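Only one structure is covered here, and it is reproduced in the block below.
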Ligand code: ADP
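Numbering (the numbering used here), first residue to last: -2 to 481.
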């Protein structure tokens, strides 16, 4: 099985109205491999002029695309699913090169992203309305669904394929056209995905992509246009708030998948082996660079020693290195800024009394590597309790009572996901009900699933992606009153 790609076959241009094209300015920006610091490719650096051309193409294509047959849209998604699967090795290799995750994880993400395409190919033909009558019997009420219109899609660098697929798929299924801006750190996977949609037969103008080193000017052009009717964003809460303010000016529909500060709670009666396995997944998937990553481990004092020891042992055994090399289990962080942040969060926790059980250092050499780290006795005052770590650092804090841990877990402005480990069903259901989050992992460290609604409450976001309700984010409800 080959796990490389030919750099000469990479798409590096903008994709507007069905054609690959250079940025109007002719400018490009480099994409770096975070394991080696080498430049992989130079990608078109789009500006406001390109952004306008892309959105106008999406605007022109909307009317016809919105009236297309659901089966046609479903078939395009189905073909894209099959092409993504057939290109698994190539897509995974590109993703590993630009983002750093180990190839095995990159292949897992390709499968996850592909499943999004398959799921929404099945949803496209299930869009339905309703029909009822008014209480006084004088009016028939017909309820139909329509695409919201041209959508702005903005994605982060941590899941370069899946985050794009999770937005493009429901938009295609619903009959929306799109302008898409992938993260500047990882545009190559997105551009490869766009080529797949082209090969799958997506009509010109339906999906337009502008890569840029100036996110605010491109996205700002789109949000201020009046043409775009919706924005779907995945990224930081800070940028999400900026985009919500921009969306307000044109009253655009908004879906926001923002940051998290996930609690991982191990109750006294938990199966410790299960909890350690769950902790490895919830912490180490994507090197900890996930909004769903467990950020705060609250472990009952009676089991904290056993859990910490077993967890630290597994973390210390992980193979850190270039994700493209067979056997690597933990790749580099995405950039120097992320590495500096992780290091300063660990230093801060240690200065406030936390103890390092394993890790806590940067390996030598090129690349943004950080060793898998377990801290224990982390005080509530440590900065990482209120900051997304976004790295391979687990912070354990012991607790004594269930009321106390629920209060601690909910004491954050975020509410994306919470993990709970217990063998007692009453406690499991109590925690599931009382955690202020959009998603709960009960005895599991992994919640993402195309068939499930992904999303958060509080400042973790608005709306849901995936599941039965995922397509609703891209549909408007129209009501027609019919006189009897
Ligand atoms: P992260 O911390 O994961 O990098 P960001 O929120 O900074 O998350 O980035 C997520 C996406 O938002 C990226 O595609 C990035 O280019 C884009 N982005 C960042 N700042 C802005 C902005 N001011 N306006 C629009 N998009 C932005």
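C-beta: ideal position from N, C-alpha, C; glycine also. Being a predicted model, the structure only gives us computed values, none of them experimental.
- DSSP places residue 394 within a strand segment (E or B) once states are collapsed to three.
- Annotated three-state conformation of residue 105 is helix, per DSSP.
- In terms of Cα proximity to residue 405, the closest of 259, 72 and 153 is 259.
- In this structure, DSSP gives residue 137 an extended state, which the three-state scheme calls strand.
- Not one heavy atom of the ligand ADP lies closer than 8 Å to the C-beta of residue 356.
- By the neighbour-count definition (other C-beta atoms within 10 Å, threshold 16), residue 305 is a buried residue.
- Taking the CA atoms as reference points, residue 169 sits about 25 Å from residue 288.
- Taking each of 347, 296 and 255 in turn and checking the Cα distance to residue 460, the smallest one comes out for 255.
- Only buried fits residue 325, as 16 or more other CB atoms lie within 10 angstroms of its CB.
- Annotation for residue 176 indicates a beta carbon at 8 Å or more from all heavy atoms of the ligand ADP.
- For the 9 Å CB-CB criterion, residue 276 and residue 385 do not form a contact.
- Pairing residue 368 with residue 85, the inter-Cα distance amounts to about 28 Å.
- Within the DSSP secondary-structure output, residue 178 pairs in a beta bridge with 151.
- The beta carbon of residue 264 sits no closer than 8 Å to any heavy atom of the ligand ADP.
- When DSSP states are grouped into helix, strand and coil, residue 160 belongs to the helix group.
- DSSP places residue 127 in no alpha helix (DSSP H) but in the uninterrupted beta strand (DSSP E) bounded by 127 to 130.
- About 4 Å separates the beta carbon of residue 186 from that of residue 157, a gap short enough to meet the 8 Å contact definition.
- Distance from the C-beta of residue 231 to the nearest heavy atom of the ligand ADP is below 8 Å.
- The region 83 to 97 makes no contact with the region 134 to 145, as fewer than three CB pairs between them are under 8 Å.
- Between residue 149 and the set 219, 214 and 132, the nearest pair of CA atoms involves 219.
- In the DSSP assignment, residue 434 forms no beta bridge with any residue.
- If the five residues before and after residue 441 are omitted, its C-beta is found closer than 7 Å to the C-beta atoms of 275, all from its own chain and listed in chain order.
- By the C-beta density criterion, residue 476 is exposed, having fewer than 16 other C-beta atoms within 10 angstroms.
- The three-state secondary structure of residue 142, taken from DSSP, is strand.
- When distances are taken from the beta-carbon of residue 154 to the heavy atoms of the ligand ADP, the shortest one is below 8 Å.
- Bridge pairing for residue 371: 355 and 391 [DSSP].
- Of the heavy atoms belonging to the ligand ADP, none sits nearer than 8 Å to the Cβ of residue 206.
- When the alpha-carbon of residue 333 is set against those of 375, 360 and 31, the nearest one is in 31.
- The beta carbon of residue 204 lies closer than 7 Å to those of 165, 175, 177, 191 and 194 in the same chain, with the five residues before and after it left out.
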